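Right, one structure below, let's go through it.
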Amino acid sequence: MRPLFLVVPIFLALFREGAPAQDRFTPSWLVLPSGALSYEGKGAQDTPQPFWESKTSYSTPIYGILFRWEMNSSSALASEFWRNIDGDHEEANPFGLQSNQTRLVLNNFSISYQRKLLGSGLEALVGAQFLSESFDRDQFVVQGVPVQGSAEESLTGQGIQLGIHGLHNKTVFGTHFYADWNFKTGFLLHTTNRQVSEIPVLNEKGYTYHVQGELGIQRSRFFAGVGLTHQFFRFYVPGGKSLETGPVVSYSMNTTNFHGLYLRGGWSFK
Numbered sequence: 016m017r018p019l020f021l022v023v024p025i026f027l028a029l030f031r032e033g034a035p036a037q038d039r040f041t042p043s044w045l046v047l048p049s050g051a052l053s054y055e056g057k058g059a060q061d062t063p064q065p066f067w068e069s070k071t072s073y074s075t076p077i078y079g080i081l082f083r084w085e086m087n088s089s090s091a092l093a094s095e096f097w098r099n100i101d102g103d104h105e106e107a108n109p110f111g112l113q114s115n116q117t118r119l120v121l122n123n124f125s126i127s128y129q130r131k132l133l134g135s136g137l138e139a140l141v142g143a144q145f146l147s148e149s150f151d152r153d154q155f156v157v158q159g160v161p162v163q164g165s166a167e168e169s170l171t172g173q174g175i176q177l178g179i180h181g182l183h184n185k186t187v188f189g190t191h192f193y194a195d196w197n198f199k200t201g202f203l204l205h206t207t208n209r210q211v212s213e214i215p216v217l218n219e220k221g222y223t224y225h226v227q228g229e230l231g232i233q234r235s236r237f238f239a240g241v242g243l244t245h246q247f248f249r250f251y252v253p254g255g256k257s258l259e260t261g262p263v264v265s266y267s268m269n270t271t272n273f274h275g276l277y278l279r280g281g282w283s284f285k
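Read left to right, the sequence shown gives residues 16 to 285 (my numbering).
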């Protein structure tokens, strides 16, 4: 169900009267030393098994780069970039029909305008999201028989993003603590699969969500924290391509998600 309840507070926030200039720029870096990443591809194929799916899951380092520019005390621009560290991992059909090695790379970039809600410390955000996901598949085994072949596939998706962001500060015995959290959901409006066609496909069924919470400590302009993040991506692309030797190498429904504990550090510039 689409979270339409977010639209009303965002609409109200965008018309709030501006505040005195603050002009603070804050870059920060995040790392998940051992993020849990999983992928599932599904699609209808011209094979004896008409509905085909393949899955993989593993632990991998994931990093993020965040920028936040507070233009004044009530509005800000923010951007995020997330990427996993690629590596070869086994991808398999759950019915034992096929397995192969896959090198998966996910890039998630978003940029948003954030505005404080009336009478609260929360911020509504509206922005754009850009995804890319690439797969290098080889070492296929079909029904226990090794076959030759490899395939490279590149998927992209773009859409809008809505959400809520909260940042709370508290001083205890002279030490400054903070809690930072957000919930964002995205709707992908434009998806492509470069392996199948250069022609983009309009599809409103793709969606994403991102839930994150963090606790940390701040010393002057430097801050450091630890938190949990869960990010989910599902988008549909033209699929159904297979190799002449039999392996299925392209899926029309792609679901990727990762979660884990992260460390974050950053510095504020005024």
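Note that the Cβ used here is the ideal one computed from N, Cα and C, for glycine as well. What you are looking at is a predicted structure, and each value in this text was computed from that prediction instead of being measured.
Best match in the options for proximity to residue i [C-alpha to C-alpha]
| i | options | result |
| --- | --- | --- |
| residue 54 | 268, 87, 283, 285 | 268 |
| residue 174 | 150, 205, 168, 158 | 205 |
| residue 229 | 196, 248, 251, 221 | 196 |
| residue 289 | 118, 81, 254 | Since the first and last residues shown for the chain are 16 and 285, residue 289 lies out of range. |
| residue 75 | 66, 57, 102 | 102 |
| residue 121 | 278, 276, 280, 272 | 272 |
| residue 182 | 257, 198, 188 | 198 |
| residue 187 | 231, 250, 207 | 231 |
| residue 259 | 72, 144, 155, 149 | 155 |
| residue 203 | 252, 104, 70 | 252 |
| residue 93 | 178, 151, 224 | 178 |
Close Cβ partners of residue i (< 7 Å) along its chain, the five nearest in sequence each way excluded
| i | result |
| --- | --- |
| residue 237 | 282 |
| residue 40 | 84, 284 |
| residue 233 | 191, 193 |
| residue 158 | 112 |
| residue 254 | 58, 208, 211, 265, 266, 267 |
Pairwise C-alpha distance: residue j and residue i
| i | j | result |
| --- | --- | --- |
| residue 50 | residue 77 | 6 Å |
| residue 124 | residue 248 | 12 Å |
| residue 190 | residue 126 | 32 Å |
| residue 184 | residue 141 | 24 Å |
| residue 110 | residue 82 | 44 Å |
| residue 20 | residue 48 | Reliability fails at residue 20, whose pLDDT of 42 lies under 50, so the model's placement of it is uncertain and no value is given. |
| residue 31 | residue 263 | Only weak support exists for where residue 31 lies, its pLDDT of 45 falling under 50; the value from the coordinates is given anyway. When rounded, the distance between both Cα atoms is 53 Å. |
| residue 57 | residue 172 | 17 Å |
| residue 162 | residue 139 | 52 Å |
| residue 107 | residue 68 | 8 Å |
| residue 33 | residue 169 | Only weak support is given to the placement of residue 33: the predicted model assigns it a pLDDT of 47, under 50, and the question is left unresolved by the model. |
| residue 240 | residue 97 | 17 Å |
| residue 221 | residue 250 | 4 Å |
| residue 43 | residue 147 | 22 Å |
| residue 52 | residue 38 | 37 Å |
| residue 261 | residue 66 | 15 Å |
| residue 286 | residue 243 | In the structure displayed, the chain extends from 16 to 285; residue 286 sits before or after that span and is not available. |
| residue 104 | residue 70 | 11 Å |
Own chain residues within Cβ distance below 6 Å of residue i, not counting five before or after
| i | result |
| --- | --- |
| residue 245 | 226, 274 |
| residue 45 | 79, 277, 279 |
| residue 144 | 125, 174, 176, 201 |
| residue 149 | 120, 169 |
Cβ-based neighbour list, residue i, same chain, cut-off 8 Å, excluding 5 preceding and 5 following
| i | result |
| --- | --- |
| residue 153 | 115, 116, 164, 165, 166 |
| residue 136 | 181, 182, 183 |
Exercise. Do the stretch 122 to 140 and the stretch 72 to 91 make contact, defined as three or more Cβ pairs closer than 8 Å?
Worked result: yes
For this session: Scan the stretch 54 to 101 and note each continuous beta strand (DSSP E) run of 3 residues or more that stays entirely inside, going in chain order.
Result: 66 to 87, 90 to 99
For this session: Within the stretch 220 to 284, note down every full alpha helix (DSSP H) run reaching 4 residues or more, in order along the chain.
Result: none
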